[in-house]
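In the numbering used here, the protein residues as written are -15 to 748.
Note that beta-carbon positions come from the ideal geometry of N, C-alpha and C, so glycine has one too.
All of these numbers come straight from a predicted model, not from anything done at the bench.
One structure is given below, encoded as structure tokens.
Dropping the structure here:
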């Protein structure tokens, strides 16, 4: 009560007037309708019950007649000699005459009935079914195979449709023969589809808005006008279920699907099914409803009249506020508040919402400014903006870019792949952010500076100045050197700094960036962890291709003689000469690619295939190197030793002997934390050499071989000892029993416990 009082107190005058008129107009009519409905319903119920009893009696007789005719047809077929002989002989090609006779008998029997149904003959002993609907199918594919075990064959067996059991047909079943000792040879099943049962209702002339339901002993709907209801059970909490269970418990109307029905029921003495007739109370009270419609129409007209009067008056009084609310709402419709001053509250709410939205947009724009600046700077480096756009966006975002000349300094992380493996993504972002701030703070003291990240692991520093000369170049170079010293002091990784030639005006920034990127390519020749400027690149005046060719030939000759030390010495001489005689990294890599090609041709001439020597694509591996020391390490420690070892006269024999020693070593250290690196270290080989040797001689990888011998040892212990599975897993160096069980099951297709039990039960 307090709630309604509070609502009334807080309502506006317009709303109070509207609610008062509505209340005074509707309440008297509602009371009159309630009284008249009560008097009329008592008289109507008696008439409905009498009509329902007549309908139920007629419909019950028709349904019983249908079921009797279906059962009679089932008995006739089950007792027919053609059906009995076909079930006894089976659906064999050799017994085709019996089968055809059976099919002819079934078709004749179906033609005698006005009601359409299907017949299925079940050959229980042969696991086959002949059906007029499905044809010849295996018993396992027969939709009603699972229902045969539920049937009581001592009397007429009729199974209604059951949605829960996925049975959509009415089934009448008789055994073949009709009298049997243990189990029948087969069954005759007559099944009628739910649609046919629905059409049966249309023949009963039930009338409009009248429904009939047929329910079995379990409350399942057997027949209905609605096909989707057939085979479903009544919910126990429904009023219809309570009426079916106890008809005397619901003397009044029952609500079903939002419609009130008056119910009557009758129970069949033939099969115990319950027939329920339902008539809409709305149709039975049509005349009373007409009176109610007239009354409510008058009330509606009065309500609309007062609503119109109230609307016009309130509209004139509240027109200024409504116009303001309409403009502020944004969709052309005024918003309504609550309380006596609801519109004013709505207006205040709109203004506050605008203030909050404005503040939120400012915060969001402030958060997005760094990303917008980054995008503008990257477009500037790529030359994707005109001078006017650059000037406009520089002013908008407050970018510290000014001057007539611009330097671009690229700071690139050395060995970025190792940098990615060593640090997590979050740590890498923090380090690169700190690197950017360090560069900006150092250069901003002398020149306007800002940074961007054009590539992962690379920072571009843009410096502006009004003039460019030797003094400015020296100052920028000095700052770059100071920056490199600070990086070495505060970070655990190294960077290479490329300082390009200055470009004029904003379009010159792209030219300066391209030149710095080109200078960064000289890192392979000049080395990493240093500053590379244009003055560091001096064209060679004494290029001599004969010197490089001579050194390449010396390496090939030393490899041909299987002299590793001599080959490495010649390689060092070549690496020392490369920076003097080549102008760019691509030229240097081309020299080493040519050397690899010469070595490949030489080992092929000796009858050794390159695939047996090279671990992967050597050219791809070469072009992944970022500095001459990396190239030297790979050639001297991996490629050249592998080639010389392959060319050794006793290579094959030594390889087989070494492979046997490796296998013996693995077998002896099976119960230790064995790894390929440990084995390679023991035999003085590199990881790639050891992996290749093991794969060539055993045809398997080291990890596959280790798993196999461990599983063989596990099988031996499981069969020949009482050692617990947990101890076996620990001795074979598995961290958990679950990991051991998973691997064992992958190898043997069964878990360890089952393996032990199976082989013990079979006597080993």
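Using 8 Å as the threshold, is the C-beta distance between residue i and residue j below it?
i: residue 802; j: residue 159; result: Since the first residue shown for the chain is -15 and the last is 748, residue 802 is missing from the structure and cannot be characterised.
i: residue 516; j: residue 364; result: no
i: residue 155; j: residue 128; result: yes
i: residue 104; j: residue 85; result: no
i: residue 157; j: residue 135; result: yes
i: residue 497; j: residue 392; result: yes
i: residue 735; j: residue 702; result: no
i: residue 483; j: residue 460; result: yes
i: residue 446; j: residue 539; result: no
i: residue 504; j: residue 444; result: no
i: residue 223; j: residue 208; result: no
i: residue 542; j: residue 551; result: yes
i: residue 536; j: residue 468; result: no
i: residue 449; j: residue 387; result: yes
i: residue 667; j: residue 615; result: no
i: residue 250; j: residue 44; result: yes
i: residue 555; j: residue 619; result: yes
i: residue 485; j: residue 532; result: no
i: residue 143; j: residue 131; result: yes
i: residue 584; j: residue 594; result: yes
i: residue 657; j: residue 693; result: no
i: residue 397; j: residue 481; result: no
i: residue 226; j: residue 245; result: no
i: residue 199; j: residue 258; result: yes
i: residue 423; j: residue 362; result: no
Given that a residue counts as buried once 16 or more other Cβ atoms are within 10 Å of its Cβ, and exposed if not, what is residue i?
i: residue 500; result: buried
i: residue 525; result: Low confidence applies to residue 525: its pLDDT is 32, below 50, so where it sits in the model is not reliable enough to give any reading.
i: residue 89; result: buried
i: residue 740; result: buried
i: residue 417; result: exposed
i: residue 528; result: Unreliable positioning characterises residue 528 in this predicted model, as indicated by a pLDDT of 47, which lies under 50. A coordinate reading is not provided.
i: residue 55; result: buried
i: residue 323; result: The predicted position of residue 323 is uncertain, since its pLDDT is 48 and thus under 50; a value taken from the coordinates is nonetheless stated next. The residue is exposed, with fewer than 16 neighbouring Cβ atoms inside 10 Å.
i: residue 242; result: exposed
i: residue 720; result: exposed
i: residue 47; result: buried
i: residue 669; result: buried
i: residue 100; result: exposed
i: residue 686; result: buried
If you follow the alpha helix (DSSP H) that residue i is part of, which residue opens it and which one closes it?
i: residue 196; result: From DSSP, residue 196 is part of no alpha helix (DSSP H) but of the beta strand (DSSP E) over 194 to 199.
i: residue 414; result: 409 to 428
i: residue 686; result: 686 to 704
i: residue 492; result: 492 to 504
i: residue 433; result: Run containing residue 433: none in the alpha helix (DSSP H); it sits in the beta strand (DSSP E), 433 to 439.
i: residue 71; result: 65 to 73
i: residue 628; result: 624 to 631
i: residue 85; result: 80 to 95
i: residue 709; result: 709 to 715
i: residue 515; result: Unbroken run through residue 515 is the beta strand (DSSP E), 515 to 517; no alpha helix (DSSP H).
i: residue 602; result: 602 to 607
i: residue 228; result: 223 to 229
i: residue 741; result: 736 to 745
i: residue 661; result: 660 to 667
i: residue 730; result: 721 to 732
i: residue 472; result: 454 to 474
Could you tell me which residues DSSP puts in a beta bridge with residue i?
i: residue 119; result: 115
i: residue 204; result: 217
i: residue 175; result: 102, 155
i: residue 391; result: 447
i: residue 757; result: Outside the shown range of the chain, which is -15 to 748, sits residue 757, and nothing can be said about it.
i: residue 263; result: 194, 246
i: residue 487; result: 390
i: residue 146; result: 151
i: residue 375; result: BP columns for residue 375 are empty, so no partner.
i: residue 396; result: 442, 480
i: residue 258; result: 199, 251
Give the range of the beta strand (DSSP E) segment to which residue i is assigned.
i: residue 245; result: 243 to 251
i: residue 165; result: That residue, residue 165, is in no beta strand (DSSP E); it is neither H nor E in DSSP.
i: residue 239; result: 238 to 240
Is there a Cβ from chain E that is less than 8 Å from the Cβ of residue i?
i: residue 98; result: Absence of chain E from the displayed structure is noted, only one protein chain being present.
Practice task
Determine, using beta-carbon pairs with one atom in the region 161 to 174 and one in the region 49 to 67, whether at least three such pairs fall under 8 Å.
Solution key: yes
Exercise for the section: Check whether the region 402 to 411 touches the region 355 to 363, counting contact only when three or more Cβ pairs, one atom from each stretch, lie closer than 8 Å. Expected result: no
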